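Asker:
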Amino acid sequence: MPIRPENRARYPKDWPAISASIRERAGNRCEFCGVPNAELGGRSRAGKWYKASPKGESGLGLEWPKPGEEWWCAGYDLGRLRIIRIVLTVAHLDHTPENCEPGNLKALCQRCHLTYDAKHHAQNARITRHEKLGQGDLLGRAGALP
Numbered sequence: 068m069p070i071r072p073e074n075r076a077r078y079p080k081d082w083p084a085i086s087a088s089i090r091e092r093a094g095n096r097c098e099f100c101g102v103p104n105a106e107l108g109g110r111s112r113a114g115k116w117y118k119a120s121p122k123g124e125s126g127l128g129l130e131w132p133k134p135g136e137e138w139w140c141a142g143y144d145l146g147r148l149r150i151i152r153i154v155l156t157v158a159h160l161d162h163t164p165e166n167c168e169p170g171n172l173k174a175l176c177q178r179c180h181l182t183y184d185a186k187h188h189a190q191n192a193r194i195t196r197h198e199k200l201g202q203g204d205l206l207g208r209a210g211a212l213p
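Take 68 as the starting number for the sequence shown in the working numbering and just add one per residue.
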């Protein structure tokens, strides 16, 4: 996942090398679901990954579907799936960018990273909505929730 500009200073200067080492440690696969980085395919409604089937041959070799297209995937017999390209990200398990200890970092695909962060994102959204209303608690702390 891209680093938000307001959080960039929270990451160490060597973050690119750290995140590359975590993806390498994971064998360039999602550590939760096992899908390989950069692979084309689709997910069923249940979340199972299916690798995209080639569209055919062109003069230069196999032609593959583009992300966003609906196309057939190997082993999925219920029709076509929306094609995506897997992007392996590095997640902070404690949601703290300053904590770059190897045990706190996991290589995750987009789906697994968003699923892992869902409660954290919902909590942050709730705090943001609360702050936009200009409400604090009785002790004057902005963003405190009832």
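Backbone N, C-alpha and C fix where the C-beta goes; we use that ideal spot for every residue, glycine too.
Everything numeric in this text was worked out from a predicted model, so none of it was measured.
Suppose you measure from the CA of R147 to the CA of R178; what does that come to, to the nearest Å?
Answerer: Here residue 147 is taken as the residue at index 80 of the sequence shown, counted from 1. Here residue 178 is taken as the residue at index 111 of the sequence shown, counted from 1. About 19 Å.
Asker: Going by other Cβ atoms of all chains shown within 10 Å of its Cβ, with 16 needed for buried, is I89 buried or exposed?
Answerer: As a working note, residue 89 is residue 22 in the sequence shown. Classification of I89: buried, given that the 10 Å Cβ count is 16 or more.
Asker: Taking only runs that begin and end inside the region 126 to 197, name each unbroken alpha helix (DSSP H) of 4 or more residues, in chain order.
Answerer: DSSP runs (the alpha helix (DSSP H)) wholly in the region 126 to 197: none.
Asker: What span of residues does the alpha helix (DSSP H) with R110 cover, start to end?
Answerer: Taking the first residue of the sequence shown as 1, we reach residue 110 at position 43. Segment L107 to R110 is the beta strand (DSSP E) holding R110; no alpha helix (DSSP H) there.
Asker: Any contact of the region 160 to 175 with the region 110 to 127, i.e. 3+ C-beta pairs under 8 Å?
Answerer: no
Asker: Please report the residue range of the beta strand (DSSP E) in which K118 lies.
Answerer: Within the sequence shown, the letter at position 51 stands for residue 118. That run of the beta strand (DSSP E) goes W116 to K118.
Asker: Exposed or buried, T163, counting other C-beta atoms within 10 Å across all chains shown (16 or more means buried)?
Answerer: Residue numbering aside, residue 163 sits at position 96 when the sequence shown is read from its first letter. Looking at its Cβ environment, which holds fewer than 16 other Cβ atoms inside 10 Å, T163 is exposed.
Asker: With distances taken from CA atoms, which of C167, R193, P134 and D81 is nearest V154?
Answerer: The residue you call residue 154 lines up with position 87 of the sequence shown. Answer by Cα proximity: P134.
Asker: When you compare only the Cα positions, how much space is there between A76 and D161?
Answerer: Numbered from 1 along the sequence shown, position 9 holds the residue referred to as residue 76. Numbered from 1 along the sequence shown, position 94 holds the residue referred to as residue 161. Rounded to the nearest angstrom, the gap between the Cα atoms of A76 and D161 is 18 Å.
Asker: With distances taken Cα to Cα, identify the nearest neighbour of C100 among Y183, T195 and Q190.
Answerer: Along the sequence shown, one-based indexing puts residue 100 at 33. The shortest C-alpha to C-alpha distance from C100 to any of Y183, T195 and Q190 is the one to Y183.
Asker: Residues in the same chain with beta-carbon distance under 8 Å from E124, minus the five sequence neighbours each way, listed in chain order, please.
Answerer: Here residue 124 refers to the residue found at position 57 when the sequence shown is read from its first residue. If we look at E124 and ignore the five residues flanking it on each side, its Cβ neighbours are E130.
Asker: Which term fits L200, buried or exposed, when burial requires 16 or more other beta carbons within 10 angstroms of its beta carbon?
Answerer: To locate residue 200, count along the sequence shown from 1; it is residue 133. L200 should be labelled exposed.
Asker: For G210, does the three-state DSSP call read helix, strand or coil?
Answerer: Counted from its first residue, the sequence shown places residue 210 at position 143. The pLDDT assigned to G210 is 49, lower than 50, so where the model puts this residue is not dependable; a value taken from the coordinates is nonetheless given after this. Correct three-state label for G210: coil.
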